[in-house]
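Order-wise, the sequence lines are chains A and B. By the count of this note's numbering, the first sequence reaches residue 214 at its end, each step adding exactly one. By the count of this note's numbering, the second sequence reaches residue 214 at its end, each step adding exactly one. All C-beta atoms in this analysis are idealised placements derived from N, C-alpha and C, irrespective of residue type, glycine included. One structure below.
2 protein chains.
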Amino acid sequence: MRPTKISESAVRRLSLYLRVLDAFELAGKTTVSSGDLAELGGMTPAQVRKDLSHFGSFGKRGLGYPVSELRERVTEILGLGRRWRVGLVGAGKLGAALFFYDGFRGQGFDVVGVFDNDPDKIGQRWGRLVVEDIESMDRVIHAARIEMGIIVTPAASAQPIADLLIAAGVEAILNFAPTRLRVRPEITLRNVNLEIELESLAFALTHENGV
Amino acid sequence: MRPTKISESAVRRLSLYLRVLDAFELAGKTTVSSGDLAELGGMTPAQVRKDLSHFGSFGKRGLGYPVSELRERVTEILGLGRRWRVGLVGAGKLGAALFFYDGFRGQGFDVVGVFDNDPDKIGQRWGRLVVEDIESMDRVIHAARIEMGIIVTPAASAQPIADLLIAAGVEAILNFAPTRLRVRPEITLRNVNLEIELESLAFALTHENGV
DNA sequence: CTTTGCTTGTGAAATCAATCACAAACGAAC
DNA sequence: GTTCGTTTGTGATTGATTTCACAAGCAAAG
Numbered sequence: 004m005r006p007t008k009i010s011e012s013a014v015r016r017l018s019l020y021l022r023v024l025d026a027f028e029l030a031g032k033t034t035v036s037s038g039d040l041a042e043l044g045g046m047t048p049a050q051v052r053k054d055l056s057h058f059g060s061f062g063k064r065g066l067g068y069p070v071s072e073l074r075e076r077v078t079e080i081l082g083l084g085r086r087w088r089v090g091l092v093g094a095g096k097l098g099a100a101l102f103f104y105d106g107f108r109g110q111g112f113d114v115v116g117v118f119d120n121d122p123d124k125i126g127q128r129w130g131r132l133v134v135e136d137i138e139s140m141d142r143v144i145h146a147a148r149i150e151m152g153i154i155v156t157p158a159a160s161a162q163p164i165a166d167l168l169i170a171a172g173v174e175a176i177l178n179f180a181p182t183r184l185r186v187r188p189e190i191t192l193r194n195v196n197l198e199i200e201l202e203s204l205a206f207a208l209t210h211e212n213g214v
Numbered sequence: 004m005r006p007t008k009i010s011e012s013a014v015r016r017l018s019l020y021l022r023v024l025d026a027f028e029l030a031g032k033t034t035v036s037s038g039d040l041a042e043l044g045g046m047t048p049a050q051v052r053k054d055l056s057h058f059g060s061f062g063k064r065g066l067g068y069p070v071s072e073l074r075e076r077v078t079e080i081l082g083l084g085r086r087w088r089v090g091l092v093g094a095g096k097l098g099a100a101l102f103f104y105d106g107f108r109g110q111g112f113d114v115v116g117v118f119d120n121d122p123d124k125i126g127q128r129w130g131r132l133v134v135e136d137i138e139s140m141d142r143v144i145h146a147a148r149i150e151m152g153i154i155v156t157p158a159a160s161a162q163p164i165a166d167l168l169i170a171a172g173v174e175a176i177l178n179f180a181p182t183r184l185r186v187r188p189e190i191t192l193r194n195v196n197l198e199i200e201l202e203s204l205a206f207a208l209t210h211e212n213g214v
């Protein structure tokens with residue numbers, strides 16, 4: 004089955020299904036129903052079925068879905084059947100936190116380049132990598148065949164960094180800088196803005212008791 | 004004007020408008036049109052107008068919106084007309100990165116408590132705070148009148164931590180642990196899952212060239 | 001005071017996403 | 001091999017969000 008257009012939120016739910024499937028597999032279950040998946044994933048059974056049906060028909064009526072096979076299929080669908088080579092720009096505290104976080108490696112993402120423009124940081128040894136000068140970014144991105152970029156710099160540098168990444172051939176960027184990046188539409192861009200998350204909490208707390 | 008129900012995405016756009024308004028104010032502009040706001044915020048003029056119209060009528064036809072007044076109003080709407088007291092649970096690398104990030108203070112969020120259960124971390128001095136034992140969380144949350152919690156712990160501890168936060172009276176939680184938290188519906192919960200963000204990039208790269 | 005050029009505010013329309021509801025399919029039991 | 005209980009896959013429906021399109025309103029110019 005060939006997906007016409009999958010909504011961003013449906014893709015994110017696929018990631019959740021994967022986590023839940025991991026848990027079921029660990030628990031030794033061999034089949035799950037859409038109801039089981041929905042229960043642990045926090046959505047409705049109908050939504051689970053619709054999401055999965057976009058990519059094919061993986062279940063057996065009356066039985067449910069075979070856990071390990073579905074896990075493999077979802078892994079494949081999400082593009083996690085291979086490893087991804089990631090470059091991290093910004094060797095500050097947040098950059099370090101992401102670099103040393105194990106969860107990425109576990110899901111198939113290898114940070115194979117770290118960049119900064121601060122002379123104090125350049126040359127630092129991070130695990131088995133060395134922090135590179137942003138000047139060398141183009142060269143290193145090609146040499147290490149980096150496919151995705153994570154931007155963890157102050158807002159002001161984010162746009163030029165994004166431009167450099169894209170010029171070097173990177174097609175997907177995860178941006179933590181609190182600024183809106185302008186990129187060509189073919190470039191995949193996701194933003195994580197921590198200030199906005201907190202502000203959304205503030206809004207909710209402020210308006211919860213009847214305006 | 005009394006908002007009936009504002010969508011989560013509309014609230015997030017309000018945060019963006021605020022950033023754009025800051026930029027315009029800094030640039031000395033006194034009025035902006037919905038088109039100006041849309042241009043820099045990356046949405047359509049109609050959406051800007053509809054979003055703002057949920058909360059009242061702030062503009063003048065033919066002229067646009069008065070920058071500093073609109074900025075004040077949006078600040079007020081988002082609940083940023085006051086400071087918020089935040090507790091941070093998890094004194095690891097990511098916790099430290101968030102703690103030392105200045106952007107929060109700038110937007111009105113003060114981290115006034117840091118907690119961990121690792122004896123090596125407890126007692127560490129962070130800025131003008133000391134990392135507290137999670138055992139003391141209930142006491143400190145009350146003493147410091149903490150209103151929001153940020154969870155930056157491994158997945159396994161996140162649910163019990165959330166329960167403790169809520170038991171202590173916290174009504175809004177920002178969760179960075181890669182696990183789904185179950186909380187009462189009155190509790191406001193936002194999740195930031197970095198693995199999901201990367202997986203969404205992987206999906207996009209995998210499917211961009213016609214399946 | 002009237003005209004002109006803009007821009008808001010907002011119902012109506014269109015698009016997009018989630019839910020419903022049910023026929024079809026399967027295994028197990030007998 | 002028929003019945004029963006269960007669960008999928010999906011067209012139809014409902015609901016939410018975004019976009020459209022235009023009347024109403026304002027300032028400036030003459």
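Query                                                                                                                           : Result
Contact under 9 Å by Cβ, F179(B) with L192(B)                                                                                   : no
Inter-residue spacing [alpha-carbon to alpha-carbon] between K8(B) and L97(B)                                                   : 34 Å
Residues of the stretch 5 to 19 of chain A whose Cβ lies closer than 9 Å to any Cβ of chain B, in chain order                   : R5, P6, I9, E11, V14, R15, L17, S18, L19
Residue range of the beta strand (DSSP E) that includes V51(A)                                                                  : Taken as a continuous stretch (DSSP letters only), V51(A) belongs to no beta strand (DSSP E), being part of the alpha helix (DSSP H) at 48 to 56.
Interface flag, V89(A) vs chain B, CB-CB below 9 Å                                                                              : yes
Cβ of G111(A) within 9 Å of any chain B Cβ                                                                                      : yes
Contact the stretch 160 to 173 of chain A vs the stretch 140 to 159 of chain B: 3+ CB pairs below 8 Å                           : no
Segments of 3+ residues assigned as beta strand (DSSP E) that fall wholly inside the stretch 57 to 128 of chain B               : 87 to 92, 112 to 119
Whole-angstrom distance between Y104(B) and S18(A), CA atom to CA atom                                                          : 29 Å
Inter-residue CB distance, V89(B) and D113(B) (contact presumed, cutoff 8 Å)                                                    : 6 Å
Closer than 7 Å at the beta carbon, the chain A residues around K96(B)                                                          : A99, A100, F103
Pair within 9 Å by beta-carbon distance, V14(B) and S203(A)                                                                     : yes
Supposed close pair L40(B), V51(B) - CB separation, criterion 8 Å                                                               : 5 Å
Chain B residues whose Cβ lies nearer than 9 Å to that of P181(A)                                                               : R22, G106
Chain B contact for E198(A) (CB, 9 Å cutoff)                                                                                    : yes
Element boundaries [beta strand (DSSP E), containing L177(A)]                                                                   : 175 to 178
Contacts that F118(A) makes with chain B (C-beta to C-beta distance below 8 Å)                                                  : What F118(A) touches in chain B: nothing, since even the nearest Cβ is about 17 Å away.
Interface flag, T209(B) vs chain A, CB-CB below 9 Å                                                                             : yes
The stretch 145 to 158 of chain A touching the stretch 122 to 132 of chain A, judged by at least three CB pairs closer than 8 Å : no
G44(A) classed as buried or exposed, judged by whether at least 16 other C-beta atoms fall within 10 angstroms                  : buried
Alpha-carbon spacing of G106(A) relative to S10(B), whole angstroms                                                             : 31 Å
Enclosing beta strand (DSSP E) for T33(A) [first to last residue]                                                               : Taken as a continuous stretch (DSSP letters only), T33(A) belongs to no beta strand (DSSP E), as it is neither H nor E.
Nearest to E72(B) (by Cα), restricted to the options L101(B), D25(B), A170(B)                                                   : D25(B)
Whole-angstrom C-beta distance between L91(A) and V155(A), which should lie under 8 Å                                           : 7 Å
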